[in-house]
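Sequential numbering from 73 applies to the sequence shown in my numbering.
Ideal Cβ placement from N, Cα and C applies to all residues, glycine included.
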Amino acid sequence: MTGQPIPVIIDCDTGVDDALALLFAVRHPGLDLRAVTCVAGNTDVDGVVRNTLTVLEQAGAPDLPVARGAARPLIEEARSARHVHGHDGMGDLGLPAPTRTPVDLDAVSLLRREILASPRPVTLIPTAPLTNIALLLRSHPEVVGNIERIMWMGGAVACGNASSVAEFNVWHDPEAAAILLTAGVPITMYGLDVFTQVVVAGDVVRRLRADAEPGARLAGELLAHRPSAPDPDGDDPAGGLGDAGAVCAVADPGGITTRRLPVEVSLAPGPGRGQTLVDRRPRIGEAELHGDTGRTTLLDVALEVDVPRYVELYLGAVAPGLR
Ligand code: BDR
Ligand code: CA
């Protein structure tokens, strides 16, 4: 690692894999995690705040500001993902309640304060529905002058998860995702196409769960709650890093292959709502010839990821003593 750590802020809906992302951001020496903001998504926003504080405590993080944000999307009702993330939104691991408390400031105000206060432009990492970020961009557009890049976990080129075409973070608040695309800062889309690939082998998950160090052990428990695929080499299920992969992509951007492509969020009601339309055509089509270009933005879309590189990066930071 060379140079100063990268200032980062995570906006999350902790969330099993958001927890994995926080663990990595706290422990990687190349990242300076300056604040964490919470939004409704995987569970209700109060649950997200509680889970976030618990993870930071277990990870031995310094006293970071954590703020509560939007309790529901801009237009629709909140819809939880408890069927994926457990009743408490973080795998029902039975972790103790946190002793830390959130700051007495809403998420948008904390985001504004920390972005403007950073001596170097901040990298923003939303790993959740974009409600807080959309409200920030619309109420305090001056922040974009001190944002280096947005490393966005959301969207999908090929296939959705919340619906056949929509990725959960976009599906939960499509209007907010559409506002994100108007930010006017460089955005990397770390979508499902790469998100689902970064998987820790089952035998490693087993060893993490047995680790004496609480943060490493927590990573193991979280990964065990995210069985992504049967382990080809054993009985223990492999676990996906999920949102943590987006944080790996900030620490080590060379691990993903991106292409600059036009992206638009489908806002129409019906089965296509929340889809990220990623235009991979080699040449323009009839719509463009007729001036019907819609509202596309050029994003750096992650199309490939070096899986062993990110697994090694993650474990090196979160569980350096792993045997
Ligand atoms: C996203 O949805 C959530 O369930 C995960 O935490 C991740 O941010 C993946 O679609
Ligand atoms: Ca998430």
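- With fewer than 16 other CB atoms across the displayed protein chains lying within 10 angstroms of its CB, P286 is exposed.
- For T203, the uninterrupted alpha helix (DSSP H) run begins and ends at T203 to S211, by DSSP.
- Beta-bridge annotation (DSSP): W224 is paired with M261.
- About 5 Å separates the beta carbon of R106 from that of E186, a gap short enough to meet the 8 Å contact definition.
- Out of I222, G217, I205 and A291, the CA that lies nearest to the CA of P258 is found in I222.
- Around the beta carbon of G217, a 10 Å sphere encloses fewer than 16 other beta carbons of the protein chains shown; the residue is thus reported as exposed.
- In the DSSP assignment, G287 falls within the unbroken alpha helix (DSSP H) covering P286 to A296.
- Per DSSP, the beta bridge partners of V272 are G311.
- In the DSSP assignment, V120 falls within the alpha helix (DSSP H) that extends over V117 to Q130.
- In the DSSP assignment, P341 falls outside any alpha helix (DSSP H) and carries neither an H nor an E.
- For the pair L182 and P137, the CB atoms are nearer than the 7 Å cut-off.
- Under the 8 Å Cβ criterion, the stretch 259-277 counts as touching the stretch 367-385, having at least three qualifying pairs.
- Leaving aside the five residues that flank L208 on each side, the residues in its chain whose CB is nearer than 7 Å to its CB run, in chain order, V180, L183, R184 and V215.
- Contact annotation: T195 and V80 have beta-carbon atoms nearer than 7 Å.
- Remark: the shortest separation between the CB of D83 and any heavy atom of ligand 2 does not fall under 6 Å.
- Beyond the five residues adjoining it in sequence on each side, L252 comes within less than 6 Å, by CB distance, of L202 and I205 in the same chain, given in chain order.
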